[in-house]
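FYI, full-length UniProt numbering numbers position 247 of the sequence shown as 247, with every residue one higher than the one before it. Positions of the beta carbon are idealized from the N, C-alpha and C atoms, including for glycine.
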Amino acid sequence: MNFIVSMSFAEKIGGLFMLLLVSACTQQPDTLFRSVPADESDIAFENTIIESDSLNMLDYEYAYSGGGIAVADFNNDGLQDLYFVGNAVSNRLYLNEGNMKFRDVTEPANAGSSNAWHTGVSAVDINNDGWTDLYLSVAKNENPEKRKNILLIHQGLNEQGIPAFINRAEAYGLASTSFSTKSAFFDYDNDGDLDMYEMVADKRRKGRQNMEMSDSKRRRANTDRLFRNDGGAARGHPYFTDVSEGAGIRKSGYGLGLNIVDINRDGWQDIYVGNDFVSNDLLWINNGDGTFTDRAGSYFKHTSFSAMGTDIGDINNDGLMDVVALDMAGSNNRQKQTMFSPNNYQNYFNNIFKDFDPQYTRNTLQLNQGEARGEQRPVFSEIALLSGMAETDWSWGVVMADLNNDRFEDLVITNGIPRNKIDKDFVRFRNQMSSIAPKSMLLDSIPHDKSRNVSFQNNGDLTFANTSEAWGLGERGYSTGLVWADLDNDGDLDIVMSNINDRPFIYENTLDSRDENHHWLKVEFSGPEQNRTGIGAVVSVFDESGLRTKVNQPFRSYLSTVENGVHIGLGPAPKVDSVVVYWPVEDKKQTWKEVRANQTLRADYADAREMHSPRNKRPSSPLFEEVTAKTGITYRHEEQNYMDFKVQRMLPYKLSQYGPALAVGDINGDGLDDLFIGGALTHRGAILMQQEDGRFEEQAFHPENMEKNGAIQEDAGVLLFDADGDGDKDLYVVSGSVENRPESSAYQDRFYENRGNGQFLLRKEALPSFNLSGSAVKAADYDRDGDLDLFIGGRSLPRFYPMPVSSVILRNDSRDGKIVFTDVSSAVAPSLNELGRVTDALWSDFNGDGWQDLVIAGEWMPVTFLVNNEGTFENITERTGIAGEVGWWNSLVGGDFDQDGDTDYVAGNMGLNTIYKASVEEPVRIYGNDFDGNGAYDAILTLYNADTLGNRKEYPAHKFEDFHWQLPRRTQQISSIEHYATSTIKDLFSPSELEEALRYEATELRTGYIENKGGGTFEWRPLPVEAQFAPVFGMLAEDLTGDGKLDLLMSGNHFGGEAQVGSYDAFNGLLLQGGGNGRFEPVPVSKSGVFIPADGKSLVKLRTAADEYLVAASQNQGPLLLFKHKTERKLFRAGPDDAYAILEFKDGSREKREFYYGSSFQSASGRFIRIAEDVTSLTVVTYDNRKRTIAY
């Protein structure tokens, strides 16, 4: 019994309409690409797959994985020809006859296929005779004899000028039977000839995969292979030997994406493999000795779960190679909700993927940020959600190419699947009916997904704009294989897509007839004797706009081979300063100067010369050096893994994963800065005591009268300060987190008196009783009575998020050696009552009247300003001009960033690398109530997504499974996943229910700069995109680059993200160089020297005995890191009652610097500042307005 997948009636009508529309249009198309109809191109190939009892997705997972395309000039006439791979039909070869017309020469060329299931194709001149050969991958068949790979050796042209081929796979040693999907040719051992890597995807067995990712002594069928080219003088042609075992290629997977690139720029070609299903992606780093080591887990913090097609290129023109991998994430709300994802809470709780690297079901874009000093490797930030290309439905192929010649690499992605086997409603039906339903019924129940293909224009700022419709590439199809090529030799790149059960899509790029200001260059290659086409050569173009770097590596996209050579868009530039071709073999290069645009250069290895200096030389000495080990620090934060989502399933992230807090102060009175590190539930805090030689000695925190049982409290904010004026540093610890019940005494804050020798004594009587899960403690003399008062930020009400909580002002009423703090909040700051979910605060005189005001950050709040009216506080946020910037603010830091004499601020936020996108028009919202009356408080997050027609509506952010877990009674009214996927929040809840619920919304998630405009008004603007990679927590404002202007040092990430998003992990620490005007520029990690890759939280500065500048960075469940600034500068240390200083510079400019007792997230730095070389004087002002001037 055979049955072919049928289109819906709507699709047939839509297709007929499009056909009529195309036929009616004879004028210049409005889109960048013109679809070339089959009757014009004469390409009749169709990869037809007819379902049967033996050929279907239920029995063979890869039934609809499609076939590749190869581009090459097979008859050497200067035009690029096309070769299409068929799975169940014959492959076809089409010669390009010009003007987008092609001729099928498959039969006379002997280029068709035997009775085999072909997948990928590689076009390569394997024997270096000047003719392009074809290597075909074969899979599926259980009989090894029927799945031998095929090597079609070009025999030259016959009398009719048609290429002739003959299969010589056996003779070349390449008749592999390894369920091959794609192969790539490259010179892995730098001996001048081309070796071969074969990617494999064995038929997946039913049931849960029993993957073995560690090196295995027993080779599995789904393990890739490496073949070494051993030459062939005796044979007259190359011969390849399987060296996989000796080379260390032993990890199994289901490979669908393959790229070759020297990712770490050490002169040796590396291998990236995108693996389907749960199997880890592989990054085989070439050790230079014939062996490889998989470093994917150390290079990338996470990857795509079911990686499909991959491509590697430079998306931001910094000369570093970035990585794109595709997955299956819905582009509209219906697709998002109905497509099954393994990233669910059950797997989260069961730690089911514990043996695998983190993987998330979405496309990934790994941005290469260069080498971090000491790492000996590049570091990456995965930014697909920020860039806008993370969710493109069931995606297969991807290519990076400059399609509009504007200097930046764009993206094209192919989509669609005839049978969407991961549709959740089908999965539920199959689980219920598979034991009784016939296979035909199950197959008929699988929906088909004819998706739009996607193109993205690179905006040049790490983001992409969806141009599928504008460029004319958004046709629906079951599209798989994908290539670019200049088919008409006009300098722009055309696109070809292979389809299942349809003819290919051929798109002519019309840029050359539209825009004369978008120029281009091409580079073709004459390589060394055993690599005639120059595979692996690197091209760099330099001009006034910067650098563009391309690698001549045609084996890319999905199962395909693009045009051999390099194409570079130049934008409006009519010429470039220079073009340099680097040849990996023997480290040679070839250079052209003052090159005019719109031409093809021929790079000849014979003309190359040896390089006198390495191409990839390291940058000059960075600003900071990591000195953690040198200073004897071995501290690593630990805490129990509490699952917040078992209490409230639909939280945006965990509220229990924020430590450790850091506080700097001289604990033992020896004049050196020591460090207190906050503890976690069941883990006490620690002290790092600085020694005279600059080393640190770790001591457990054991106050004299502390209970001997394990800690029942989790430390949030911490502060070392002199509470009683006796000259030593006392300690305040905020109790926070959500592990305990709301009424628990575990949320009582703690005050520890310093006995004068670094020994602490718990003073319960010093504090009023308030069981508040807090976040921050900050000190200042707000009432100008000569002692330090405290602000305590209230963070959350455990189990009742997002209910607001109160914050507290504690007035210091200590007298005669007795330490007492009094809660005066209701009297002096009534607006703190149920203010919200506070994360950070600053005491700062923002209006310059000499009284310490309060600036407060929190979730679902604007940055909040309380003006100090001589001892009482008024909330003036609504009058500041930025009350509408409601965010998930994490942290605050102050500084006179524009050098105008007042304090500006930077507020750390969630960032843009998230599924949550907020604006005034489309806010992110949260609704809180016990909606189903079961006694559990429900928090429901919503965001705006597109429906199937593209209309933007407010939907629940979480998956149906999470909604059902949180609201089981409510889901009884929902008939299917499809029903939930098409229901807005207003469909799921009545108007009265939404009206009665607690509701908050966020309109701004970017980290930003708040300029003080005077008079209690401010202006907000976002920081550079690099500051939006992840949530920002720890921050320092200091002149770190030595130019007399304040810079920003930041740490961040949040590894407690909810399951569908996963860890927010794209931050590696960031230095932003200030321009003295409120503008900032990112400094690469290779130049800053600050590398904080894990779950960064607190960030503090401290001094050594020699006045060296140190920065300590805490990481949740990770090591504490210590960095030393390499440039010596004078340091000014503030006195205990100093509030701020005015710095005078040689050029007459002035800058205000406040001295904080606590600044940025759970951070309390040393109270000192660096003095730039051009500072002439420093005027210091105390809390009670006394002044003194220091000359420099």
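Could you compute how far the alpha carbon of residue i sits from the alpha carbon of residue j?
{"i": "residue 43", "j": "residue 132", "result": "21 angstroms"}
{"i": "residue 1185", "j": "residue 1017", "result": "24 angstroms"}
{"i": "residue 1", "j": "residue 235", "result": "Its pLDDT being 35, under 50, residue 1 is placed unreliably in this model, and the coordinates cannot settle the point."}
{"i": "residue 25", "j": "residue 35", "result": "Confidence in residue 25 is poor, its pLDDT being 41 and thus under 50, which makes the residue's placement unreliable; the coordinate value appears in the next sentence. Roughly 11 angstroms between the two C-alpha positions."}
{"i": "residue 915", "j": "residue 1063", "result": "12 angstroms"}
{"i": "residue 703", "j": "residue 635", "result": "20 angstroms"}
{"i": "residue 303", "j": "residue 583", "result": "31 angstroms"}
{"i": "residue 1125", "j": "residue 1091", "result": "13 angstroms"}
{"i": "residue 53", "j": "residue 59", "result": "9 angstroms"}
{"i": "residue 1180", "j": "residue 894", "result": "17 angstroms"}
{"i": "residue 377", "j": "residue 305", "result": "24 angstroms"}
{"i": "residue 296", "j": "residue 230", "result": "29 angstroms"}
{"i": "residue 800", "j": "residue 938", "result": "8 angstroms"}
{"i": "residue 694", "j": "residue 621", "result": "22 angstroms"}
{"i": "residue 986", "j": "residue 330", "result": "22 angstroms"}
Who are the Cβ neighbours of residue i in its own chain at under 6 angstroms, not counting the five residues just before and after it?
{"i": "residue 443", "result": "56"}
{"i": "residue 1193", "result": "Outside the displayed span of the chain (1 to 1192) sits residue 1193, for which this structure offers no information."}
{"i": "residue 216", "result": "Low local confidence applies: a pLDDT of 49 at residue 216 is under 50, so the model's placement there is unreliable, and no value is given."}
{"i": "residue 1100", "result": "662, 664, 1112, 1163, 1165"}
Can you tell which of the options has its C-alpha closest to the C-alpha of residue i?
{"i": "residue 535", "options": "525, 544, 543, 541", "result": "525"}
{"i": "residue 195", "options": "899, 410, 1033, 247", "result": "247"}
{"i": "residue 932", "options": "897, 993, 916", "result": "993"}
{"i": "residue 574", "options": "407, 1042, 788", "result": "407"}
{"i": "residue 815", "options": "450, 785, 872", "result": "785"}
{"i": "residue 1005", "options": "1013, 984, 1031, 995", "result": "1031"}
{"i": "residue 696", "options": "104, 675, 682, 723", "result": "675"}
{"i": "residue 190", "options": "495, 294, 588", "result": "588"}
{"i": "residue 559", "options": "922, 176, 198", "result": "198"}
{"i": "residue 102", "options": "311, 1189, 41", "result": "41"}
Grouping DSSP H, G and I as helix and E and B as strand, with all else coil, what is residue i?
{"i": "residue 263", "result": "coil"}
{"i": "residue 962", "result": "helix"}
{"i": "residue 431", "result": "helix"}
{"i": "residue 1079", "result": "coil"}
{"i": "residue 511", "result": "helix"}
{"i": "residue 360", "result": "strand"}
{"i": "residue 970", "result": "helix"}
{"i": "residue 1189", "result": "strand"}
{"i": "residue 987", "result": "helix"}
{"i": "residue 333", "result": "helix"}
{"i": "residue 441", "result": "helix"}
{"i": "residue 1229", "result": "Because residue 1229 is not part of the residues shown, which for the chain are 1 to 1192, the question remains open."}
{"i": "residue 1200", "result": "Residue 1200 is absent from the structure shown; the chain starts at 1 and stops at 1192."}
Look at residue i and residue j and say whether their C-beta atoms are less than 9 angstroms apart.
{"i": "residue 515", "j": "residue 405", "result": "yes"}
{"i": "residue 549", "j": "residue 562", "result": "no"}
{"i": "residue 529", "j": "residue 192", "result": "yes"}
{"i": "residue 1129", "j": "residue 1172", "result": "yes"}
{"i": "residue 749", "j": "residue 1161", "result": "no"}
{"i": "residue 810", "j": "residue 1105", "result": "no"}
{"i": "residue 718", "j": "residue 808", "result": "no"}
{"i": "residue 924", "j": "residue 948", "result": "no"}
{"i": "residue 567", "j": "residue 623", "result": "no"}
{"i": "residue 84", "j": "residue 143", "result": "no"}
{"i": "residue 380", "j": "residue 299", "result": "yes"}
{"i": "residue 186", "j": "residue 201", "result": "no"}
Quick check: is any heavy atom of the ligand FAD less than 8 angstroms from the C-beta of residue i?
{"i": "residue 418", "result": "Absence of the ligand FAD is noted for the structure shown, with no ligands found whatsoever."}
Near residue i, what residues of its chain come up, given a Cβ to Cβ distance below 7 angstroms and the 5 sequence neighbours on each side ignored?
{"i": "residue 389", "result": "363, 365, 411, 456, 464"}
Just to confirm my understanding: we take residue i, look at its own chain, exclude 5 residues before and 5 after, and list those with CB closer than 8 angstroms. What are they?
{"i": "residue 117", "result": "87, 88, 138, 139, 140, 141, 147"}
{"i": "residue 128", "result": "529, 530, 531, 532"}
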